[in-house]
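Data first, discussion second: the structure below is written as structure tokens.
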Amino acid sequence: MPGKKVPSNGTEGVGVLSPERKRPQAGAFITTQFNSLLGWARKFSLFHYPFVTACCGMEYMSAACAHFDIDRFGAGWTRFSPRQSDMLLVVGTITQKEAPVLRTVYEQMTEPKWVVAFGTCAVSGGIYDNYAVVQGIDQIIPVDVYIPGCPPRPETVLDGLLKLQEKIQNQGHDWRWRKRRS
Amino acid sequence: MEKETILDLLRREFPDAVRETSVSLGDEIVVIEKEALLPIAGFLRDGPGEFKMLLDLTCVDYFGRKPRFEMVYHFFSLSENRRLRVKAALEEGDLRIASLTPLWKNANWLEREVYDLFGVNFEGHPDLRRIFMYDGFEGYPLRKDYPLRRRQPLIRLKE
Chain A
613 MPGKKVPSNG TEGVGVLSPE RKRPQAGAFI TTQFNSLLGW ARKFSLFHYP FVTACCGMEY
673 MSAACAHFDI DRFGAGWTRF SPRQSDMLLV VGTITQKEAP VLRTVYEQMT EPKWVVAFGT
733 CAVSGGIYDN YAVVQGIDQI IPVDVYIPGC PPRPETVLDG LLKLQEKIQN QGHDWRWRKR
793 RS
Chain B
599 MEKETILDLL RREFPDAVRE TSVSLGDEIV VIEKEALLPI AGFLRDGPGE FKMLLDLTCV
659 DYFGRKPRFE MVYHFFSLSE NRRLRVKAAL EEGDLRIASL TPLWKNANWL EREVYDLFGV
719 NFEGHPDLRR IFMYDGFEGY PLRKDYPLRR RQPLIRLKE
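For the record, the sequence lines run as chains A and B. Okay, so the first sequence: first residue is 613 according to my numbering, each after it adds one. Okay, so the second sequence: first residue is 599 according to my numbering, each after it adds one.
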């Protein structure tokens, strides 16, 4: 009957293109952009490296363990080697003495990589406006997401993680890593 | 007759070295001459008070006052369960005092901390170098005349 829609059984197009070639079943493929696919894959498989230096580490543990469980968002794997991780979580106060260490860890991470400043001290130095403390880690390394709070609640951490996922999804992904010439 | 306190004992044993004694909130305080620190500390540790534990030692900067610096030692007696505070004044031009490392091993790091942050020289210390700040750091950051906004970053920072 013309105009009437019946549920597809996947056989009605057979033989249209060529008699030998079967069409895939309906719903068996999706169309997307490669960039979007890469973003989708990367945002749900963030291996993180916790650079924990201060009391914010307690909230990091709370967010990472079963009560709040960042594994629900695909960021459950903690890698204690910077070479295997994508997301650098800078949790806590960074002193001037520690700044070279943090920069080395960042440089050891392989691309693609993202940095999260976790807590007020990492964001801006916090209450430690003195001779010993770096006033925000963005003076040392580039930062993608800033999570405020002293320390931040685990919900804030999850919110920051979702913000980072949104950013990764909408990023242009350089998927065949070209050699960067300086 | 009342029992002789540790302050009376110190005044009797070291009449020239003890400047003044007082009691504040139940803790005894004794101010001494800095030259007599080592014999007094040894007497406190091995004498009848049995102050066998060095809890902490630190320095105070009374900027604008003479003498400017004051060393503060906290001792604890495990057998008597009491504390004793010993203070010694230091002139700004003569920042030297005897080290307590021959008597207490933990004085090593505590004195390195005071050396690092105040610049007090401990005579007889086996390894007097900075403990918190890095090599190349200039000045003593806990002194009152260290500039509030002075930063000495190890690596180049972005503005």
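Even glycine gets a Cβ: it sits at the ideal position worked out from N, Cα and C. Just so we're clear, the structure is a prediction, and the values are computed from it rather than from any experiment.
Checklist entry - Mind pulling the alpha helix (DSSP H) runs of 4 or more residues that sit fully within the stretch 686-769 of chain A? => result 711-720, 732-736
Next on the checklist: Does R666/B pass the burial test, meaning 16 or more other C-beta atoms within 10 Å, or should it be called exposed?
Outcome noted: Here the question's residue 666/B lines up with position 68 in the second sequence. The residue is buried, with at least 16 neighbouring Cβ atoms inside 10 Å.
Checklist entry - Taking Cβ-Cβ distances shorter than 8 angstroms, what residues in chain A pair up with Y732/B? => result In the second sequence, counting from the first residue as 1, residue 732/B sits at position 134. Neighbours of Y732/B on chain A, chain order: Q708, K709.
Checklist entry - Buried or exposed: where does R654/A fall if 16 or more other Cβ atoms within 10 Å of its Cβ makes it buried? => result As a working note, residue 654/A is residue 42 in the first sequence. Classification for R654/A: buried.
Item to check | V712/B versus R663/B - alpha carbon distance | outcome: Residue numbering aside, residue 712/B sits at position 114 when the second sequence is read from its first letter. Residue numbering aside, residue 663/B sits at position 65 when the second sequence is read from its first letter. If I take the Cα positions, the gap works out to 19 angstroms.
Next on the checklist: Taking its Cβ as the centre, do 16 or more other Cβ atoms sit within 10 Å of G737/A, making it buried, or is it exposed?
Outcome noted: If you number the first sequence from 1, residue 737/A lands on position 125. Buried.
Checklist entry - What is the DSSP secondary structure of V718/B, counted as helix, strand or coil? => result Translated into the one-based positions of the second sequence, residue 718/B becomes position 120. Looking at V718/B - three-state DSSP - the assignment turns out to be coil, as it is neither helix nor strand.
Item to check | P663/A - containing beta strand (DSSP E), residue span | outcome: On the first sequence, position 51 is the one that residue 663/A refers to. A small correction: the amino acid at residue 663/A is Phe; Pro does not occupy that position in the sequence shown. First-last of the beta strand (DSSP E) with F663/A: 660-664.
Next on the checklist: So, with DSSP's three-state summary, where would you put F673/B?
Outcome noted: In the second sequence, the residue the question calls residue 673/B occupies position 75. Looking at F673/B - three-state DSSP - the assignment turns out to be strand.
Next on the checklist: Tell me the residue span of the alpha helix (DSSP H) that contains M673/A.
Outcome noted: Counting from one through the first sequence, the residue named residue 673/A turns up at place 61. 668-676 is the extent of the alpha helix (DSSP H) around M673/A.
Checklist entry - Is I780/A near I749/A, with beta carbons less than 7 angstroms apart? => result Within the first sequence, the letter at position 168 stands for residue 780/A. Within the first sequence, the letter at position 137 stands for residue 749/A. Going by C-beta atoms, I780/A is not nearer than 7 angstroms to I749/A.
Checklist entry - Name the DSSP beta bridge partners of A696/B, please? => result Taking the first residue of the second sequence as 1, we reach residue 696/B at position 98. Partner(s): E721/B.
Next on the checklist: I need the DSSP call for K779/A, collapsed to helix, strand or coil.
Outcome noted: On the first sequence, residue 779/A is found 167 positions in, with the first residue counted as 1. If DSSP states are grouped into helix, strand and coil, K779/A belongs with the helices.
Checklist entry - Counting only beta-carbon atoms, is L836/B nearer than 7 angstroms to chain A? => result Outside the displayed range of chain B (599 to 757) lies residue 836/B, so it cannot be described from this structure.
Next on the checklist: Can you check whether the C-beta of P712/A is within less than 7 angstroms of a C-beta belonging to chain B?
Outcome noted: Numbered from its first residue, the first sequence carries residue 712/A at position 100. Judged by the 7 angstroms Cβ criterion, P712/A is in contact with chain B.
Checklist entry - Taking buried to mean at least 16 other C-beta atoms within 10 Å of its own C-beta, is L741/A buried or exposed? => result Indexing the first sequence from 1 puts residue 741/A at position 129. Per the sequence shown, the amino acid found at residue 741/A is Asp instead of Leu. Counting Cβ neighbours within 10 Å, D741/A comes out exposed, since fewer than 16 surround it.
Checklist entry - Which chain A residues sit within Cβ distance under 8 angstroms of L752/B? => result Taking the second sequence and counting its residues from 1, one reaches residue 752/B at position 154. Chain A residues near L752/B: Q708, K709, A711, P712.
Next on the checklist: Quick check: V728/A and V746/A, are their CB atoms within less than 7 angstroms of each other?
Outcome noted: Your numbering for residue 728/A matches position 116 in the first sequence. Your numbering for residue 746/A matches position 134 in the first sequence. No, they are not a contact pair.
Checklist entry - Under 7 angstroms between C-beta atoms, does L755/B make it to chain A? => result Mapped onto the second sequence, residue 755/B falls at position 157. True, the Cβ-Cβ gap to chain A drops below 7 angstroms.
Checklist entry - Is Q720/A close to chain E, meaning its C-beta is less than 7 angstroms from at least one C-beta of that chain? => result Of the protein chains in the structure, A and B, none is chain E.
Item to check | Of the residues G645/B, P751/B, F661/B, D606/B, the one placed nearest E689/B, counting alpha carbons only | outcome: Taking the first residue of the second sequence as position 1, residue 689/B is located at position 91. Checked all of G645/B, P751/B, F661/B, D606/B; the closest Cα to E689/B is F661/B.
Next on the checklist: Measuring only from the beta carbon, is L652/B closer than 6 angstroms to any heavy atom that is part of the ligand GDP?
Outcome noted: As far as ligands go, the structure on display features none, and thus does not contain the ligand GDP.
Next on the checklist: Judging by CA-CA distance, which residue of I695/B, V718/B, W707/B, A639/B is the nearest neighbour of F674/B?
Outcome noted: The sequence position of residue 674/B within the second sequence is 76, counting from 1. Closest by alpha carbon: A639/B.
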